[in-house]
Every structure is written in C-alpha cells, then in structure tokens.
Amino acid sequence: MGLITLTFHGNLVDFLPRDKIHSSLQVTFTHKTAVKHIIESLGVPHPEIGRIECNHQRVDLMYSIQDQDAIDVYPHNPGDQRFESLPPRLVLDNHLGKLTDYLRLLGFDAVYARDWTDDVIAQFTFDENRILLTRDRGLLKRKIVKIGHCVRADIPAEQLAEVITLFNLEPLITPFQRCPRCNGKLKPVDKDQIIEELLPLTRKYYDEFSRCQSCGQIYWKGTHFENMQKLFAPYTGNAKENL
Ligand SMILES: [Zn+2]
154 MGLITLTFHG
164 NLVDFLPRDK
174 IHSSLQVTFT
184 HKTAVKHIIE
194 SLGVPHPEIG
204 RIECNHQRVD
214 LMYSIQDQDA
224 IDVYPHNPGD
234 QRFESLPPRL
244 VLDNHLGKLT
254 DYLRLLGFDA
264 VYARDWTDDV
274 IAQFTFDENR
284 ILLTRDRGLL
294 KRKIVKIGHC
304 VRADIPAEQL
314 AEVITLFNLE
324 PLITPFQRCP
334 RCNGKLKPVD
344 KDQIIEELLP
354 LTRKYYDEFS
364 RCQSCGQIYW
374 KGTHFENMQK
384 LFAPYTGNAK
394 ENL
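Going from the sequence shown to the working numbering is simple: count from 1 and add 153.
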C-alpha cells in the first residue's frame with residue numbers, strides 16, 4: 154500500500170479529466186507496479202511521453218513505483234524523436250483521411266488504415282516500424298505501438314502543422330512526388346503518351362504531367378495543385394516542386 158503524486162506537464166494534460174488538469178494527482182496503490190501502468194490508467198498513452206522523473210531523477214516507463222514518490226511526466230519536445238528509417242513512414246487511422254492526403258503530397262509514405270481493425274493497425278505499425286497517427290487513445294496504449302501521436306487538432310491543415318512540428322518533418326519534405334490517392338510514386342510522363350486520356354480543356358491548357366506508378370492516375374498543375382501549393386507554402390520554402 155502506498156501513495157504517489159503525479160504531475161503531468163505540457164500537452165499531456167489534454168488526456169486528463171477536465172477537473173484534474175491544473176493539479177498534481179495523488180494515486181494510491183496496493184502493490185508495486187510499473188509507472189507506465191499508472192500513467193496509462195489516468196488516460197495518457199505511453200507514446201506521448203517524452204520523459205519521466207521520479208523525485209527529480211530520470212526513470213523509464215518500467216520504473217517500479219515506491220511509496221511517497223513524486224513523479225513528473227513530460228511530453229516529447231518537438232523534433233526529439235529519432236527514427237530508424239528516414240524519412241519516417243506513417244500509418245493513419247480512418248479519422249485522418251485528409252491528413253493522409255496532405256502527407257502523401259508532401260512526399261511521405263503514409264498508409265491510410267481505413268476500415269482496419271485496431272489489432273491490424275497496431276501490428277502493421279510494429280511490423281513496418283511506422284509512426285502511428287490516430288485519434289484513438291486506446292489504440293496508442295497498445296504495448297507494441299512504440300512511436301505514435303494522438304492528433305489533437307480538428308482541422309486537417311492544423312493537423313498537418315501539428316505533425317510536422319512534433320516529428321520535425323519539414324527538412325524531409327519532397328512535395329508532389331507521391332500519389333494522394335494510393336501512396337504510389339509519381340513520375341513525369343510525356344503529354345503525347347497520355348493525350349487520349351485527357352479531357353479536352355486539360356489537353357488544351359496543360360503541357361506538363363505526371364503519372365502514378367501504382368494506380369495510373371494522371372496529375373497536372375491545375376487549380377487543385379495551386380491550392381495545395383498555397384497550403385504547403387509555410388513548409389516547402391524553396392523546396393523544389395516536381396510534378
Ligand atoms: Zn496512385
């Protein structure tokens with residue numbers, strides 16, 4: 154039997170009940186357990202945690218709690234997380250379709266797990282060593298999910314900003330080289346080769362095209378491209394835009 158005090162910092166309070174966000178929480182326990190289990194039982198998924206300190210000493214998720222411990226839990230700082238593969242690959246749940254499109258358009262390998270079960274998403278994230286982006290806190294608490302994030306923003310453009318900042322993706326952006334429809338790679342294609350597939354006005358007004366190597370979709374620098382270019386301007390800077 155014992156009592157510990159937990160203080161959550163930064164945006165980790167997003168996971169706490171509204172009446173608990175400004176105070177330290179006191180938790181009683183009957184047997185020793187890993188601090189991870191206490192933290193997750195209060196609503197905070199482990200992939201959101203950047204650092205834990207117990208009595209001002211750094212500890213890991215499996216630290217076994219002791220009576221009277223004072224524990225501080227901090228989120229990741231933007232850019233802190235390191236990835237085995239660069240650029241990192243992602244998987245997104247079925248609430249994040251638009252964000253998936255945007256990440257693909259910025260060149261990231263982003264799998265959209267539409268209609269997948271939680272079991273399949275978690276296993277795929279682990280097997281492929283991907284970042285899991287989700288709105289489902291329960292999914293993020295799965296043990297095999299190592300790197301992930303609960304997307305807080307509701308508007309897709311704000312979700313994009315949130316993810317780019319947290320995972321420091323900006324230097325890794327290669328815009329307009331991946332198909333937003335299927336995640337395939339785009340390759341420039343001669344107009345002559347596809348002219349029969351174009352609608353009359355597209356045929357008349359555009360000369361540069363690219364084609365998805367996976368699904369065959371054809372892209373050109375039309376209105377949609379211009380809108381996306383404006384949306385991505387804060388991140389692309391002088392990045393070369395290949396279409
Ligand atoms: Zn495609």
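The beta-carbon is built from N, C-alpha and C at its ideal position, and this holds for glycine as well.
Keep in mind it's a predicted model, so treat the numbers as computed, not measured.
Beta-bridge partners of residue i, as assigned by DSSP
i	result
Gln179	Thr158
Cys303	Thr287
Ser217	Ala187
For residue i, the nearest candidate out of the options (CA to CA)
i	options	result
Gln366	Gly163, Glu323, Lys338	Lys338
Thr181	Ile174, Ile218, Gly163, Pro170	Ile218
Lys344	Tyr372, Cys335, Gln330	Tyr372
Ser176	Met154, Ile224, Tyr216	Ile224
Gly163	Val197, Leu156, Leu256	Val197
Glu237	Gly260, Ile300, Ala386	Ile300
Lys340	Lys357, Gly260, Asn380, Asp213	Gly260
Distance cut-off 7 Å: residue i Cβ against heavy atoms of ligand 1
i	result
Gln370	yes
Gly337	yes
Arg283	no
Cys365	yes
Arg397	The chain is shown only over 154 to 396; residue 397 falls outside these bounds and no answer can be derived.
Arg267	no
Cys332	yes
So, do the region 248-256 and the region 180-188 have three or more beta carbon pairs nearer to each other than 8 Å? no
Taking contact to mean at least 3 C-beta pairs separated by less than 8 Å, is the region 266-274 in contact with the region 310-329? no
Any chance the region 286-299 sits against the region 200-211, with 3 or more Cβ pairs inside 8 Å? yes
What are the uninterrupted segments assigned as beta strand (DSSP E) that are 3 or more residues long and contained completely in the region 339-366, given in chain order? 339-342, 362-365
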